[in-house]
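Comments concern the structure below.
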Amino acid sequence: MAIAASENYQLKWHSYGAHLHTSVATLLHSESFADVLLATSCGRHVAAHRFVLAACSSYLSHIFQTCHFGANTNAPVIV
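Residue numbers (the UniProt record's numbering): 1 to 79.
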């Protein structure tokens, strides 16, 4: 029984960087994937993205990493 030689493939996407930038910008402005809800002292609620808040705030990053938000990780988290 002969063993087949492994084959390597390379995919190229010349506009990947521009596409990624546009897609991320669009998603960030959409509440479709928002997974956290910020509540202000005056009663306003702002939908946001946990990964963006964690990237910009070590305090919020710590909260998101250490607190357990239940089995449903898609449910909004109110901070």
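Even glycine gets a Cβ: it sits at the ideal position worked out from N, Cα and C.
Check: Beta-carbon separation of F64 and A48 under 7 Å?
Finding: Locating residue 64 in the sequence shown gives position 64, counting from the first residue. Locating residue 48 in the sequence shown gives position 48, counting from the first residue. No.
Next item on the list: Could you pull out every residue in the same chain whose Cβ sits closer than 6 Å to the Cβ of S30, ignoring the five residues on either side in sequence?
Entry: Residue 30 sits at position 30 when you count from the first residue of the sequence shown. Answer for S30: no residue qualifies.
Next item on the list: List the DSSP bridge partners of H45.
Entry: Along the sequence shown, one-based indexing puts residue 45 at 45. According to DSSP, which records beta bridges pairwise, H45 is partnered with A39.
Note to self: For S58, report the span of its alpha helix (DSSP H) as first-last.
What the structure shows: Sequence index remark: in the sequence shown, residue 58 carries index 58 (1-based). Counting along the chain, the alpha helix (DSSP H) containing S58 begins and ends at S58 to T66.
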